[in-house]
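Student: Numbering (this note's numbering), first residue to last: 276 to 565. Please see the structure below; I have some questions.
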Ligand SMILES: Cc1cc2nc3c(=O)[nH]c(=O)nc-3n(C[C@H](O)[C@H](O)[C@H](O)COP(=O)(O)OP(=O)(O)OC[C@H]3O[C@@H](n4cnc5c(N)ncnc54)[C@H](O)[C@@H]3O)c2cc1C
């Protein structure tokens, strides 16, 4: 591996300071959070920022709390903190399922929720989780704050709608009392990225699916989600046959590419199978099955 090109370094002391630095240093500057994606890219010289702006001192971006009927995760929350959080586990098992399967402890100790989402890697697990849960992302610039649906945040592989001088500050997930949720992933070996992944939540009312969300990882699903499958399921009984049909629709909506993690048709098969498993476990959990 090569060494990075020469680069300036600045350490932000507050969100406002980070925003000021982003504006002063211009579009060739990059924020650095856990550095687990940016630093390897710099060493390979795929990324050559002129300045990295370190946001590791920004404690105001590092929190997990319930506020206004939402589960709020600060952008600098480490994967390990999400995994260890009882509050997260109480409301959304899907997050614990996904975090347990992201990389390994050294990566989870440094890598952040915000860095993962902003990197926009198509095989990154939290994009599908955010899409499944219909989360909202809070973006801040010196001009103000705006919110974007997680399903609208990624514009393509490694592309987001973040402006050059904008910071992702928080992920907000609506609380859904009684919801069950789950995440399933197939990877070639421990610590690897997904060959495919699927996450879901379900809210039941007298055995009927009152609300549901489905997210997909690494299979080319538009916006990392499966809207036709969700629409099919909502209002129907949570039976095995209906879950299977929703999983079939989810697989149909994927546009996977063959690569070192498997051929396209294998990934489409995984998308269907993993969606079915995630839906089954979500329904079990909604019924208090765990
Ligand atoms: C060996 C290895 C295995 C991995 N396996 C997986 C896996 O299985 N699943 C998975 O999902 N991930 C995996 N990852 C990625 C890991 O989850 C990283 O945490 C993630 O890619 C980037 O997070 P980071 O905090 O390190 O971001 P950084 O590398 O610091 O930043 C990534 C990008 O996001 C930008 N950025 C960071 N924070 C913000 C912010 N708040 N606002 C705006 N822009 C921001 C940066 O400028 C940069 O462009 C793996 C990483 C490694 C090294």
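Glycine is no exception: its CB is placed at the ideal position from the N, C-alpha and C atoms.
Looking at residue 510 and residue 484, is the spacing between their C-beta atoms short of 8 Å?
Tutor: yes
Student: Using DSSP with H/G/I as helix, E/B as strand and the rest coil, what is residue 449?
Tutor: strand
Student: Hey, residue 409 and residue 344: beta-carbon distance below 8 Å or not?
Tutor: no
Student: Among residues of its own chain, excluding the 5 on either side of residue 466, which ones have a beta-carbon nearer than 7 Å to its beta-carbon?
Tutor: 378, 379
Student: With respect to the alpha helix (DSSP H) encompassing residue 371, which residues constitute its N-terminal and C-terminal limits?
Tutor: 368 to 375
Student: Going by C-alpha distance, which of 384, 540, 342, 500 is nearest residue 427?
Tutor: 500
Student: Along the chain, where does the beta strand (DSSP E) containing residue 460 start, and where does it finish?
Tutor: Note, residue 460: beta strand (DSSP E), 455 to 461.
Student: Any heavy atom of ligand 1 within a distance shorter than 7 Å of the CB on residue 330?
Tutor: yes
Student: Quick one: what does DSSP say residue 354 is sitting in, helix, strand or coil?
Tutor: helix
Student: With three or more C-beta pairs closer than 8 Å as the rule, is the segment 300 to 314 touching the segment 414 to 433?
Tutor: As far as the Cβ criterion goes, the segment 414 to 433 does not touch the segment 300 to 314, which means the pair count is below three.
Student: Taking C-beta to C-beta, are residue 536 and residue 456 nearer than 8 Å?
Tutor: no
Student: Note down the Cα distance separating residue 316 from residue 352, rounded to an integer number of angstroms.
Tutor: 22 Å
Student: For the alpha helix (DSSP H) containing residue 540, list its first residue and its last residue.
Tutor: Run containing residue 540: 539 to 561, per the alpha helix (DSSP H) assignment.
Student: Quick check: the Cα distance between residue 262 and residue 418, rounded to an integer number of angstroms?
Tutor: Coverage of the chain is limited to positions 276 through 565, which leaves residue 262 absent and any answer about it impossible.
Student: For residue 289, count neighbouring Cβ atoms within 10 angstroms of its own Cβ and tell me buried if that reaches 16, exposed if not.
Tutor: exposed
Student: Return yes when the C-beta of residue 311 is under 7 Å from any heavy atom of ligand 1, and no when it is not.
Tutor: yes
Student: Among 544, 520, 497, 412, which one has its Cα closest to the Cα of residue 347?
Tutor: 412
Student: Just reading off the alpha helix (DSSP H) that residue 400 is part of, what are its end residues?
Tutor: 400 to 407
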